[in-house]
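These notes are about the structure you will find just below.
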Amino acid sequence: MFSKHVTKDISAYCHGELSSEAAKQFAEHIISCVRCRTKFEEIKLGIKLAEQLPQLTAPDSLWPEIESALGRADVTPSRVVSVKPSRAWRVQMAVAAVVLLVISAAGVWLYNNRTLSSGSGPPAWQVTRLSGTPKIGSENIGHRGLLSVGEWLETDGSSRVQIAVGTIGNVDIDENTRVRLLETQPTEHRLELARGKMSARIWAPPRLFFVDTPSAVAADLGCEYTLSVDDKGDGRLSVTSGWVALQAKERESIVPQGASCETQLGTGPGTPYFDDSTPEFQNALKKLDFDKDPASRSEALASTLNNARARDTLTLWHLLPRVNEGDRVRVYEKMESFAPPPAGVTREGVLRLDQQMLDQWRVALQGSWSIGPGKGFPKGGDKLKGWSVDPFKDPIKK
Ligand SMILES: [Zn+2]
33 MFSKHVTKDI SAYCHGELSS EAAKQFAEHI ISCVRCRTKF EEIKLGIKLA EQLPQLTAPD
93 SLWPEIESAL GRADVTPSRV VSVKPSRAWR VQMAVAAVVL LVISAAGVWL YNNRTLSSGS
153 GPPAWQVTRL SGTPKIGSEN IGHRGLLSVG EWLETDGSSR VQIAVGTIGN VDIDENTRVR
213 LLETQPTEHR LELARGKMSA RIWAPPRLFF VDTPSAVAAD LGCEYTLSVD DKGDGRLSVT
273 SGWVALQAKE RESIVPQGAS CETQLGTGPG TPYFDDSTPE FQNALKKLDF DKDPASRSEA
333 LASTLNNARA RDTLTLWHLL PRVNEGDRVR VYEKMESFAP PPAGVTREGV LRLDQQMLDQ
393 WRVALQGSWS IGPGKGFPKG GDKLKGWSVD PFKDPIKK
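In terms of our numbering, the sequence shown is residues 33 to 430.
Set out below in C-alpha cells:
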C-alpha cells in the first residue's frame, strides 16, 4: 500500500488531469499515507489561497524602468551582498517583485481557466438516468445529462439517477429527491440535498465532498453512506463504510461504519449510535437529543444509560459535552464501567471537559467502534495500528 508515493501526481490530481483509475489510486494512497496527504493538504491550501489572490496589473509607468534595468549589464551577484543596497539592487528587487506578481497573476488565470474549461462550458457533473423521467431544471433528461453549478436535479416517484462526482465518487439519487450542485472544484465538491434520499460512494481524501442539508452538513471522511431529508427538513445519516462527519454550528457528530445519526432543524446533529443498538436505546437517545422538556430528557438519559452496551461508548463519548454537569457524572460512570479511562485521563479532567483528556479516552475507545475493514481504518478490533486518518481532527469550516 505504501510502495509508491504519489506526490508527483498532486498537481495533476488537483486539476482533474488524472484518469479516473489513476485518480482513484491516488485518493486511496493518500488516505493511508501521512506523508503524501500532508503534501496534498499544503498544495490544496495553496490553490485555495491562489483563488483568493486579487489580480493586480503593474502600472504602465513601471515598465520603462524595468526594461532599462533588465538591459543593464552591471548587475552582478557580488553586488547583492553589499551592506548598503545600491540603486541597481533596488531596481533588481523591484523587477523581481513585479515578475512575481505577473507570475502569480498568470498562475491564477491559468488555474481558473483550466478549472473552468475542463470540458466545455462551466463545471458540471455527468448524470446517468437509472429509471423514469428525472429533470434538470425544467428539462427532462435522456439517458445522460449534465448538472451544472447552481442547477437543481429532481426525481419524481418513479425516477432515479446516478451522478458522477468528478473523478472522486458516485452519488445515487433516489425517487422524490431534490438536489442542487453548489460547487465543484478540485478542492471542494458540494451538493445540496433539499429533500429525499441519496447514497454516496466517495474515494477521495477526507473533507473534499460535502452535502448541505437544511439542518446539518455531511462531510465525507472517505466512505459510503446514505443521507435522507424529510419534508420538514429533518434528516438522517447512515454510514456503511468509513466515517462521515455531520456538523452544524458548534456541534459535530462523527459517525462510523455501522452507525447512524439524526439531525433536526433548529437543533442540528443528534448523537451518533450504532444501528445494532437496542430500539429502547435508540428511542431514548432521540428524546434526549431533541425533546425540549428537561424532565423528559432526564428520564431519557436514564434509559439511554440503562440500555447501553460496551460499544455504545461511541454515543456516550459524544454525550459528555452535550449534557449538564450533573448528568455528565452519570455518563462518565457508565463509560467507566465499560472501559476505565487510560493513564493520564482523570475523572476530574473529563468532568471539566478537558479536550486533551477527552481525545485520549476517545483514541483508546476508537478501536471498539470500527467494525470490519474500512478504507484507511484498522481491521476488526486492531487498536490504532495503521490508523492514519483521525476523523476527529480538522473540524469542518463551512
Ligand atoms: Zn505516500
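In this text, a Cβ means the ideal position worked out from N, Cα and C, and glycines have one as well. Since we're looking at a predicted model, the values are computed, not measured.
In its own chain, which residues sit with a C-beta less than 6 Å from the C-beta of residue i, not counting the 5 before and 5 after it?
| i | result |
| --- | --- |
| S309 | D344 |
| S231 | D204, T258 |
| S52 | T199 |
| T245 | L225, V261, G267 |
| H175 | R161 |
| L185 | I168, L179, V211 |
| N339 | T310, E312, F313 |
Distance check for residue j and residue i, CA to CA, integer angstroms please.
| i | j | result |
| --- | --- | --- |
| K229 | Y257 | 11 Å |
| F322 | T347 | 15 Å |
| V243 | R227 | 12 Å |
| G164 | V276 | 30 Å |
| A196 | V363 | 43 Å |
| V159 | I200 | 14 Å |
| N172 | T219 | 30 Å |
| H382 | S190 | Per the sequence presented here, residue 382 reads as Val, with His not at that position. In a straight line, the C-alpha of V382 is about 51 Å away from that of S190. |
| E380 | V271 | 33 Å |
| L50 | M367 | 47 Å |
| D386 | C65 | 30 Å |
| R394 | I286 | 12 Å |
| P374 | G78 | 39 Å |
| Y143 | I168 | The pLDDT assigned to Y143 is 42, lower than 50, so where the model puts this residue is not dependable, and the model offers no usable value. |
| S260 | L269 | 7 Å |
| E183 | S369 | 52 Å |
| R384 | L333 | 19 Å |
| P238 | Q388 | 23 Å |
| P372 | L397 | 10 Å |
| E357 | R341 | 23 Å |
| G254 | S100 | 55 Å |
| S330 | R360 | 12 Å |
| P288 | P166 | 32 Å |
| G274 | I62 | 15 Å |
| R192 | F241 | 21 Å |
| L223 | P326 | 36 Å |
| K80 | E365 | 45 Å |
| A251 | A82 | 24 Å |
| T453 | L390 | Here the chain has residues from 33 to 430 only, and residue 453 is not among them. |
| A54 | H47 | 13 Å |
| S170 | W401 | 45 Å |
| G376 | Q392 | 8 Å |
Looking only at its chain, what residues have a beta carbon closer than 7 Å to the beta carbon of residue i, apart from the 5 residues adjacent to it on each side?
| i | result |
| --- | --- |
| I42 | K71, F72, I75 |
| K56 | W235 |
| R67 | H37 |
| A248 | G267, L278, Q279, A280, T295, G300, P301 |
| N208 | T187, D188, G189, G228 |
| S335 | E312, A316 |
| F58 | V38, D41, Y45, L50 |
| G265 | P246, S247, L297 |
To which residues of the same chain is residue i closer than 8 Å at the C-beta, ignoring the five residues directly before and after it?
| i | result |
| --- | --- |
| Y305 | A291, S292, C293, F313, Q314, L317, D344, L346, T347 |
| Q194 | V159, T160, L162, N202, V203, D204, I205 |
| D263 | R227 |
| T303 | S285, C293, L317, L320, D321, T347, H350, L351, R354 |
| D307 | S270, G290, A291, S292 |
Shell residues, 6 Å Cβ cut-off relative to heavy atoms of ligand 1: H37, V38, H61, C65, R67, C68
Scan the stretch 335–368 and note each continuous alpha helix (DSSP H) run of 4 residues or more that stays entirely inside, going in chain order. 345–351
Within the chosen definition, does the stretch 203–217 reach the stretch 178–191 through at least 3 CB pairs nearer than 8 Å? yes
Pick out the complete beta strand (DSSP E) segments inside the stretch 241–270, 3 residues or longer, and give them in chain order. 241–244, 249–252, 255–261
Ranges of the beta strand (DSSP E) found wholly within the stretch 162–245, counting only runs of at least 3: 176–180, 184–186, 192–197, 201–205, 210–217, 220–234, 241–244
What beta strand (DSSP E) runs, 3 residues minimum, are completely inside the stretch 270–318? 275–280, 283–288, 291–296
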